[in-house]
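Presented below is the structure to which this report refers.
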Amino acid sequence: MRGILGKTLATAALLAFTVGAQAKETVVWWDFLGGGDGVRMKKLIEDFNNDHKDSIEIQGTTLEWGVPFYSKVQTSAAVGEGPDIMTYHSSRIPLGVSQNVLVEITPDDMKTIGLGEASFAKAPWEAVHVDGKQYAVPFDQHPIVLYYNKDKLAAAGLLGDDGLPKGLNGVDNFAAALKKLQDGGTKYGLSTVTADGSFAYRTFYSLLCQQGGTAGSDGNWLPGDNLQKMVNAVQVEADWVKNGATPKNTDYPSTVALFTNGDAAMMINGVWEVPTMVDLQKQGKLFNWGAVELPVFFDHPCTYSDSHTFAIPNNVGKAQTPEKHAAVLEVIKWMEDHALFWATAGHIPANKAVTDSAEYKALQPQATYAPLTANMIYDPTSKFAGVASPLFDAAGNSLTPAINGEIDVTTAVTEFRDTLTDLQ
Amino acid sequence: MLKTRKNEIFAALVLIAPFVALYGWMFIYPTIQMVHLSLMNAPLIGEGTWAGLKNYQRLFNDRIFRVAVWNTAYFVILTVVPGTAVALAIALMVSRLNGWFQSIILAMFFLPYVLPVSVVYILWDWLFNVQFGVLQNVIQPIVGHPVNVRRTIPWFMPTMAIITIWWTNGFSILLFLAGLRNISREIYEAAELDGASRVQVFFRITWPLIWPVTVLCLTIQLILQLKIFDQVYLFSRGGRTQATMVLVQYIFEQAFQKNNGGYAATIAVALFIIVVAFSVLQFQAARIRRAT
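Residue numbers (this note's numbering), protein chains in the order written: chain A, 714 to 1137; chain B, 8 to 299.
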């Protein structure tokens, strides 16, 4: 309807002003960025529009993160009413491709943008490809990290002279550190989301990878001893909860609140919470804090990550005109070039030119955790995996009660695997 | 004579045609399409292949479907009759007030009804929050420890019922109040002269006279609550969605999350049949009660 109205208006406008002033290209933009990063994205869009006053205008809309966003993209693209460009999680790309929602990004497109394989870290670059074809341009990498309260860690003797935590590697050492923090009068050693197994899956997946394990693939989930490795991973968190080091059944906002009000000395959460800390500290309402790569609980460092990417929806019956396509590529190029500001949202820019810059290296705590990009693991390439996917759902259903001691961890992980195997 | 009658029929047809066309296009056609889709093995969007009754076979062996039917039924039991009873009680109390004061109190009871479900969700989520929620001060002394009502299965549906009654009660209260105002004051005066007690007045006069309104309220509530989705979806996100699944949520999950358009339509057909059966049953039951 809006499309028809728009077309009518555009035709009327064309008829009225037959004198050919150069048409300004509008780019309809959808994203799902509703938090502190959304504020920063709005600023980027505003800056872009100011830079392109005469040529391109982005018309941005923010939609609800997760299933609502992806259902809307799928249904609107099917009838040609999707946006011109949208943000997309790289972990959702296999599903998007299977649903025919995404348009391929051609090597020519990448040449126009001026970026290529060498511009990105390996994991996010691979994650935007399905069967050798590229379907999106990585914009950032957003792993989970360990936030810590410097004052509390220092008091417990867990802070090195460099201001970084020490003595946290290894499951037992970490548990001992949590106990030390609590003996020192802190209510909880660590806060992390325990009411949502799908959120906690990010931690479990990291710990699975730290043991050299893999989630497997379609029809062959958690093969062989990977089942046991996943059990080990979930057991770590279940033990924190059992010992009272981590609060039971706690949801996302409470997790952040417990850390920021000093009730918890550390927090495992996404880098996207960095703006919350920065903003609170600016108002003088926060202690000294930092964020680092997840400790090595098992054999080697490894952390779950995902990417926000830019993708072009496959608007059925309404392919982009060359002019529109050029404008969309200009938007992507501009955003990639200005990703330094996006880094203030906590995310690690995917464009290496940005992360290698001196300005980025001066950014704290971003520069401290940025090296973890060498140890990242992305979701398995499957149409059942990714944020808000059936896999996340299965994790919520099976693993939530295991974290909180309601069912045995082995039973829960077996149920998790069986649910995945039944997906078709 | 015959000619005028013909004219009249023609005029009638012309007058109802737009409605029939619209109704056929917007309601009947999609319903037929839904039944057709339920016989297909189809994704949410795009062509499917003929599956015959396979989806229905799957439905009968589907454990989660049974859980969803039970949870929906449980929710209906917890909300329809209790909700209507609470609305009636509040309406009786409000009707005793007068003038401005009555309007203010009525507005207070009606206010939640105006709220969108997202606001209701956030409000109650904070009230019940396991770490900081004020309602934990009520739960803790009774149970002995804070309870996350979103994640503790036995607490889930009753909590949803309380929230839903709080949220949707305003409309029923309004209907009851209108019904109460329709009862002539003279009947009450006569009863008073005859020395009827307040209990007698309620059961002999008020209750029988507002019975039609009660039937209406129960029917509206029944149909509404059989279609429960928003609250349950919002509160169960990320947790044990399968244990707290309700029917519409299952349709949503199959259609939008798992891309099974055909199977989602099958569940929708099942829900359609359940809603029709229950509405007819309830209406008949209410009529029998009225006739005696």
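Cβ coordinates follow ideal geometry from the N, Cα and C atoms, glycine included. Note that the structure is predicted; figures quoted are calculated from it, not measured.
In three-state terms, what does DSSP make of residue i?
i, result
"S191/B", "coil"
"A1101/A", "coil"
"A249/B", "Sequence check: residue 249/B is Gln here, not Ala. Correct three-state label for Q249/B: coil."
"Q854/A", "strand"
"I111/B", "helix"
"I1090/A", "strand"
"Y848/A", "coil"
"T38/B", "helix"
"A734/A", "Confidence is the limiting factor: at A734/A the pLDDT is only 48, short of 50, which leaves the residue's position unreliable and the question unanswerable from this model."
"E199/B", "helix"
"L935/A", "coil"
"F1129/A", "helix"
"I71/B", "helix"
"D764/A", "helix"
"G795/A", "coil"
"N105/B", "coil"
"G910/A", "helix"
"H43/B", "helix"
"I1061/A", "strand"
"F236/B", "coil"
"T221/B", "helix"
"E770/A", "strand"
"L859/A", "strand"
"P837/A", "helix"
"G31/B", "helix"
Leaving out five residues on either side along the sequence, give the residues of the same chain with a beta carbon under 7 Å from the beta carbon of residue i.
i, result
"V814/A", "V786, Q787, A790, P1026 and N1027"
"A284/B", "none"
"G290/B", "According to the sequence displayed, residue 290/B carries Phe and not Gly. Once the five neighbours on either side are set aside, the close Cβ partners of F290/B are T226."
"S102/B", "L184 and L187"
"T1068/A", "I1061, P1062 and A1083"
"V83/B", "L229, Q232 and L233"
Contact defined as beta carbons within less than 8 Å: I believe residue i pairs with residue j. What is the distance between those atoms, to the nearest angstrom?
i, j, result
"F139/B", "A970/A", "7 Å"
"T1113/A", "G246/B", "5 Å"
"D864/A", "N1064/A", "Not a contact, Cβ separation roughly 35 Å."
"A849/A", "F1023/A", "6 Å"
"Q228/B", "T86/B", "7 Å"
"P1084/A", "G1003/A", "At roughly 14 Å, the Cβ-Cβ gap does not stay under 8 Å, so P1084/A and G1003/A are not in contact."
"I798/A", "V1041/A", "5 Å"
"G269/B", "N48/B", "5 Å"
"W131/B", "I170/B", "5 Å"
Quick one: what's got a C-beta closer than 8 Å to residue i's C-beta in the same chain, skipping five residues either side?
i, result
"H855/A", "G983, V984, W985, S1018, D1019, S1020, H1021, G1059, H1060 and I1061"
"N120/B", "It should be pointed out that residue 120/B corresponds to Tyr in this sequence rather than to Asn. Closer than 8 Å at Cβ, skipping near neighbours: W174, T175, N176, G177 and F178."
"V944/A", "V1122, T1123 and V1126"
Would you say residue i reaches chain A, if we count a Cβ-Cβ gap shorter than 7 Å as a contact?
i, result
"R247/B", "yes"
"V137/B", "yes"
"I52/B", "yes"
"F263/B", "yes"
"R65/B", "no"
"N68/B", "no"
"N144/B", "no"
"N6/B", "What the structure shows of chain B is the stretch from 8 to 299, and residue 6/B is not part of that stretch, so it cannot be assessed."
"R158/B", "yes"
Once the 5 residues before and after residue i are set aside, which same chain residues still bring their CB inside 6 Å of it?
i, result
"G929/A", "L935 and P936"
"T1094/A", "P807"
"I217/B", "G186"
"Q143/B", "P153"
"K900/A", "D976"
"T739/A", "E770 and Q772"
Since residue i meets chain C, which of its residues come closer than 9 Å, beta carbon to beta carbon?
i, result
"N266/B", "Here chain C cannot be found, since the structure's protein chains are A and B."
Compute the minimum distance between the beta carbon of residue i and the heavy atoms of the ligand PLP, and state whether it is under 6 Å.
i, result
"C224/B", "In the structure shown, the ligand PLP is absent, as is every other ligand, since no ligand is present at all."
Please confirm whether residue i has its beta-carbon closer than 7 Å to some beta-carbon of chain B.
i, result
"T775/A", "no"
"G751/A", "no"
"N956/A", "no"
"N1110/A", "yes"
"N862/A", "no"
"A908/A", "yes"
"N962/A", "yes"
"A791/A", "yes"
"Y973/A", "Reading off the sequence shown, one finds Thr at residue 973/A, where the question assumed Tyr. Answer no: the Cβ-Cβ gap between T973/A and chain B never drops below 7 Å."
Could you tell me whether the segment 1069 to 1083 of chain A touches the segment 823 to 840 of chain A, where touching means 3 or more Cβ pairs closer than 8 Å? The segment 1069 to 1083 of chain A makes no contact with the segment 823 to 840 of chain A; the number of CB pairs closer than 8 Å stays below 3.
Pairing CB atoms from the segment 893 to 910 of chain A with CB atoms from the segment 945 to 959 of chain A, are three or more of them under 8 Å? Between the segment 893 to 910 of chain A and the segment 945 to 959 of chain A, the count of Cβ pairs shorter than 8 Å is three or higher; the stretches touch.
Please determine if the segment 869 to 883 of chain A and the segment 912 to 919 of chain A are in contact, where contact requires at least 3 C-beta pairs separated by less than 8 Å. At 8 Å Cβ cutoff, the stretches do not touch.
Counting Cβ pairs closer than 8 Å, one from the segment 239 to 253 of chain B and one from the segment 15 to 24 of chain B, do we hit at least three? Contact between the segment 239 to 253 of chain B and the segment 15 to 24 of chain B is absent, with fewer than three C-beta pairs closer than 8 Å.
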